[in-house]
Amino acid sequence: ESVTQTEHALQAADLASQSGAEPTLIAAALLHDIGHLLIDEFSERDNFLAVDQCHEIFGARFLEPYMPAELLATIRLHVLAKRYLCSTQEAYIDQLSKSSKRSFELQGGLLSSEELKTLESEPYLASALKIRVWDDQAKVAGKEVPPLNAYATTLAEVYLPS
């Protein structure tokens with residue numbers, strides 16, 4: 006990608022914020038790819054990009070003790086949301102970055118009719134689709150966005166105290 010993970014996260018959060026999203030979705034946009042940072046995806050192994058690393062599952066599990074169900078579900082579902090959008094909107098795949106097109110194939114490609122039906126029953130699908138669109142738009146090199154500390158209040162607002 007043309008941006009770092011941090012730039013991507015901040016751009017996604019900014020898109021969510023600019024759209025008037027509620028704090029839970031802004032936080033989800035900020036944290037949706039945290040799983041990439043938890044997995045050794047930048048390993049020097051020759052085949053590390055030959056399989057899907059399921060970053061969305063790792064990220065949701067990591068955040069589970071601290072964040073609400075909607076946030077966790079949108080993170081868990083954002084990869085399936087890409088597959089859903091590509092399966093239901095013929096031109097959606099054309100707007101994906103080269104890297105996202107590659108991961109789309111690794112993640113299973115187009116959904117079957119049974120997979121579509123199952124996904125459409127998910128209570129947080131609409132939220133995951135919003136995160137997905139912001140995710141795909143948040144890859145603009147050099148874009149000026151608020152810094153990470155601009156989201157401290159938002160994160161504190163959705164944090165689940167133990």
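My numbering numbers the first residue of the sequence shown as 6 and each following residue consecutively. We treat Cβ as the ideally placed atom computed from N, Cα and C, and that holds for glycine.
- Separation of Leu90 and Glu69 (C-alpha to C-alpha, rounded to the nearest whole angstrom) is 26 angstroms.
- A distance below 7 angstroms between beta-carbons, with the five flanking residues on each side excluded, links His60 to the following residues of its chain, in chain order: Asp38, Gly40, His41, Ile44.
- The three-state secondary structure of Thr11, taken from DSSP, is helix.
- DSSP places Gly113 in the coil class of the three-state scheme, outside both helix and strand.
- Close CB contacts of Tyr129 within its chain, under the 7 angstroms cut and outside five residues either way in sequence, are with Glu75, Ala78, Thr79, Leu82 (chain order).
- By the neighbour-count criterion, in which a residue is buried when 16 or more other Cβ atoms sit within 10 angstroms of its Cβ, Ala146 is exposed.
- Assignment of Tyr164 by DSSP, reduced to helix, strand and coil, places it in the coil class.
- Between the segment 113–127 and the segment 15–32, the count of C-beta pairs closer than 8 angstroms stays below three; the two stretches do not touch.
- Counting only runs of 4 or more residues that sit fully inside the segment 33–102, the alpha helix (DSSP H) segments are 39–43, 60–68, 74–93, in chain order.
- Lys135 sits in a helix when the DSSP states are folded into three classes.
- Within the same chain, and ignoring the five residues on either side of Ala133 in sequence, the residues whose Cβ sits closer than 6 angstroms to its Cβ are Thr79, Leu82, His83, Ala86.
- In terms of Cβ geometry, Gln16 and Lys148 form a close pair [threshold 8 angstroms].
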